[in-house]
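Chemist: What follows is a single structure, and I will ask about it in a moment.
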Amino acid sequence: MKKYFLFALVSFFLFFSFASAKEVEVQERTEENRYGIPSRFELNEKTIGSATTIPYVNADELVYDFAGLYTDSEYEKIQDLTQELNEKLPFRVVVVTQDNIGSRSAMEYADDFYDYNDFGPDGVLLLIAMDVREVYISTAGDAIGTISNPRVETILDAVYSYLSSGDYAFATERFLSRVESYHSSGKDASVGDYKVLPDGKIVFYKKLPILPILFFSLAITTVIMIIAVNSYKKIVLATNANEYLSQGNVVVKNIEDRYVNSVTTRTYSPVSSGSSGGSSGGSSGGYHSSSSGASHGGGGRHF
Amino acid sequence: MTDETLDLKCPSCRAPLRFFPSSGRWECDYCGSKFKLEELQNLKQERKERQKQKTQSDGYICKNCGAKILLSENTSATSCIYCRSTAIIPERLENEFTPNSIIPFRKTKEEAVAAFQKFGIRKIFAPKEFTSKKNIEEIQGIYIPFWLYDFHLVGKASGVGKNSASVRSGDYLVTTTRIYHFERDCDIPFFDIPVDGSKHFDDALMNSIEPFDYKDLVTFDSAFLSGFLAERYDLKKEEAVGSAVKRAEGTALGQVKLTLSRYQTTEIQNHSFEPTNLDGEYVLLPVWLLNIRYKGKLYPYAMNGQTGKMIGDLPVLEWKILLYGLILFLIIAVIISLGFILLGGYRL
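Going down the list, the protein sequences come from chains A and B. Just so you know, we're using the numbering used here here: the first sequence kicks off at 341 and counts up by one. Just so you know, we're using the numbering used here here: the second sequence kicks off at 283 and counts up by one.
Printed below as a string of structure tokens:
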């Protein structure tokens, strides 16, 4: 009997030490606090409906282990790293693990979790959704320039195998270090020119190709000027007597049109393969609107 | 043979008579009398019969003021530099130097001046003072000697013609070119090809004011020359014909090319043409001439005295080219950029 009791006691403590001792603090969304919806979004049926099914957390914690994937020590390490990163970076970095994302897709949950908490308009969020075994990275606001969609894919490449093997902490740390190094590399040029509007929407601009325009203008101007200047030279020695030809009396007899020989040549000219890269710019390629109306980038993967 | 210069004096008042292109008659500056050609010819005959022979030494004596007029070798009509009356030299117009025909001036000096002024307008690269009145006043009306040639250009032309077709075979283009040899026999007639018969006048300039309308050719009479300058030819008929043949060859080759439409590319490699049935007529054609000196260079201008066609090279100011070029460049660049921004949603 004592054996079993001891066993139960040890298991009990073990359970708690391995389980997440850190319970995530959640606040209530009420009419008074505007349902926890940041002021940049308007209050309507859609936004309220979406917000109320997302946990309203303390935005300063930045790491939310709802699924209990990290041990205490892992959690502390991750939170330290995340806090440090958030101080360094001009946008927020948030980590969320969840074992029940409800009826939403991982993308919707990640987008909404970011939008309906007080993280600010610019940030990147890592979601590990255990019930669907999906990892999703959501980007918002100015963060899409640094953590562009192509870069998101690279980060996912780097972490997803660790998620598959259950090494969630390590995968998270890898995520954080990747975000940091991308920030050091500066913005991804392939995103192009964009502007983040106050309501969270992002507008992409095509950049004016100044150099090609200048070359083209120069070419046209040169041609026009050459023609104009040449119009100043009017005195030309005649090379024919066409006006003095007696048209109706011209006789040109075909004496001979004789076939001589043929020449055959083979030239290598492969059928051009692949069209040129798709048109760039102006695309909202891969960037979508979430329920709040804000524009998000990102990507996900099953693991 | 008379050595006297023929000056035309008004039968009524003895003032100088001049030919006016606008009316086609000779008018007196002072008493306003007008005379037709036949009238003058009759009067001239009468005067010749009445006049005594005057012996002259060298040079010519102006009938009006007695001054000695120096003439260049081929001038057949000029104006006395002292009294400005017309001096026509009959010996220079005799025998082989008697022109067959002449196209009298149709454009007056005023019309020539106006045309020249218009010529300079709207030429934004030229210096403004170029077409100033001062320069233009010196414009001269000259009857220029021309040979008009008729001939048949006869000969052969031969060369190579090619036709190609391409067929695709996998990653290769197989091109087959069929080569032909052609030969043509030609007999191409030309009428009245004008060749400038004086070495003093630039052939290119004279080419550029063509064509003249030969319908206005009239039998020559020296009376037409009064009021204008005139030159006789210094290139003989046989010497000047080369230019006409060269031009005719250009046209002949063009006529040959018309028969080569069956080939995609052609090359005429040999041709030999000779003029046959050659006939040449010596005529005087009216031209308004002006030479302007600008920054050390001489700019010749010519207006066809019959049709009014004006030709000449204008000087070009470099800085104006650069300035307008720069402005044009900026305008084009801005327009293209605006197009991108407004129509394509581009942004700086």
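Ideal placement from N, C-alpha and C gives every residue a C-beta, glycine not left out. Remember, predicted model here, so these are calculated numbers, not experimental data.
Let me check one thing: in DSSP terms, what residues is Val-591(A) bridge-paired to?
Modeler: Looking at the DSSP output, Val-591(A) sits in a beta bridge with Asp-469(B).
Chemist: Comparing C-alpha positions only, which one of Tyr-564(B), Ser-440(B), Leu-455(B) sits nearest to Ile-595(A)?
Modeler: Ser-440(B)
Chemist: Specify, as a first and last residue, the run of the alpha helix (DSSP H) that Glu-378(B) falls within.
Modeler: Here Glu-378(B) belongs to no alpha helix (DSSP H), and DSSP marks it neither H nor E.
Chemist: Please classify Arg-450(B): does DSSP put it in a helix, a strand, or coil?
Modeler: DSSP places Arg-450(B) in strand when its eight states are reduced to three.
Chemist: For Phe-494(B), which residues from the same chain have a beta carbon less than 8 Å from its beta carbon, with the 5 sequence-adjacent residues on both sides left out?
Modeler: Close CB contacts of Phe-494(B) within its chain, under the 8 Å cut and outside five residues either way in sequence, are with Ile-385, Pro-476, Leu-567, Asn-586, Gln-588, Thr-589 (chain order).
Chemist: Any beta carbon of chain A sitting closer than 9 Å to that of Glu-321(B)?
Modeler: no
Chemist: Quick one: measure Cβ to Cβ for Phe-555(B) and Gly-437(B), integer angstroms, because I've assumed they're closer than 8 Å.
Modeler: 4 Å
Chemist: For Lys-428(A), does the three-state DSSP call read helix, strand or coil?
Modeler: helix
Chemist: Since Val-434(A) and Gly-463(A) are thought to touch, with beta carbons under 8 Å apart, how far apart are those beta carbons, to the nearest angstrom?
Modeler: 6 Å
Chemist: Would you kindly check if the distance between the Cβ of Arg-460(B) and the Cβ of Ser-446(B) is under 9 Å?
Modeler: Taking C-beta atoms as the reference points, Ser-446(B) and Arg-460(B) count as a pair closer than 9 Å.
Chemist: Suppose you measure from the CA of Val-449(B) to the CA of Val-590(A); what does that come to, to the nearest Å?
Modeler: 40 Å
Chemist: Is there a C-beta anywhere in chain B that falls below 9 Å from the one on Tyr-500(A)?
Modeler: no
Chemist: Check the Cβ of Pro-493(B) against every Cβ in chain A and list those closer than 9 Å, keeping chain order.
Modeler: Glu-583, Tyr-584
Chemist: Chain A beta carbons: is any one of them nearer than 9 Å to that of Asp-561(B)?
Modeler: no
Chemist: Closer than 9 Å, Cβ to any Cβ of chain A: which residues of the segment 463 to 485 of chain B, in chain order?
Modeler: His-463, Phe-464, Glu-465, Arg-466, Asp-467, Cys-468, Asp-469, Ile-470, Pro-471, Phe-472, Phe-473, Asp-474, Ile-475, Pro-476, Asp-484, Asp-485
Chemist: Could you spell out where the alpha helix (DSSP H) holding Gly-536(B) opens and where it closes?
Modeler: 519 to 540
Chemist: May I ask you to report which of helix, strand or coil DSSP gives Leu-620(B)?
Modeler: helix
Chemist: Can you give the beta carbon distance from Gly-640(A) to Met-341(A), rounded, assuming they're within the 8 Å contact cut?
Modeler: 51 Å between Cβ atoms; not a contact.
Chemist: Using a 10 Å radius around the Cβ and a threshold of 16 neighbouring Cβ atoms, would you call Ala-480(A) buried or exposed?
Modeler: buried
Chemist: When the Cβ atoms of the segment 394 to 407 of chain A are set against those of the segment 416 to 425 of chain A, are three or more pairs found closer than 8 Å?
Modeler: yes
Chemist: For Gly-348(B) versus Phe-387(B), is the C-beta spacing smaller than 9 Å?
Modeler: no
Chemist: Lys-527(A) and Ser-635(A) - do their beta-carbons sit closer together than 9 Å?
Modeler: no
Chemist: In chain order, what residues of the same chain lie with their CB nearer than 6 Å to the CB of Tyr-476(A), ignoring the 5 residues before and after it?
Modeler: Ala-446, Met-447, Ala-450, Leu-467, Gly-640
Chemist: In the DSSP assignment, what are the bridge partners of Trp-601(B)?
Modeler: In DSSP, Trp-601(B) forms no bridge with anything.
Chemist: Below 7 Å CB to CB, which residues in the same chain sit around Phe-515(A) once its five sequence neighbours on both sides are set aside?
Modeler: Leu-466, Ile-495, Val-499
Chemist: CA-CA distance, Arg-544(B) and Glu-465(B)?
Modeler: 14 Å
Chemist: DSSP on Ile-384(B), reduced to helix/strand/coil?
Modeler: strand
Chemist: Locate the alpha helix (DSSP H) running through Val-563(A), then write down its first and last residues.
Modeler: Note, Val-563(A): alpha helix (DSSP H), 550 to 570.
Chemist: Lys-574(A) touches chain B at which residues, Cβ-Cβ below 7 Å?
Modeler: Ser-490, Ile-593, Gly-594, Asp-595
Chemist: List the DSSP bridge partners of Val-569(B).
Modeler: Ile-424(B), Asn-586(B)
Chemist: Roughly how far, in whole angstroms, is the beta-carbon of Leu-596(B) from the beta-carbon of Lys-389(B), given that I think they are within contact range, below 8 Å?
Modeler: Not a contact, Cβ separation roughly 21 Å.
Chemist: Determine, using beta carbons only, whether Gly-532(B) and Phe-302(B) come nearer to each other than 9 Å.
Modeler: no
Chemist: Residues in the same chain with beta-carbon distance under 6 Å from Thr-387(A), minus the five sequence neighbours each way, listed in chain order, please.
Modeler: Ile-377, Phe-381, Ser-632
Chemist: Near Arg-307(B), what residues of its chain come up, given a Cβ to Cβ distance below 7 Å and the 5 sequence neighbours on each side ignored?
Modeler: Lys-316, Phe-317, Lys-318
Chemist: Return the residue from the list Asp-485(B), Pro-293(B), Cys-313(B), Asn-382(B) that minimises the CA-CA distance to Gln-327(B).
Modeler: Pro-293(B)
Chemist: Cα separation between Leu-375(B) and Ser-358(B)?
Modeler: 7 Å
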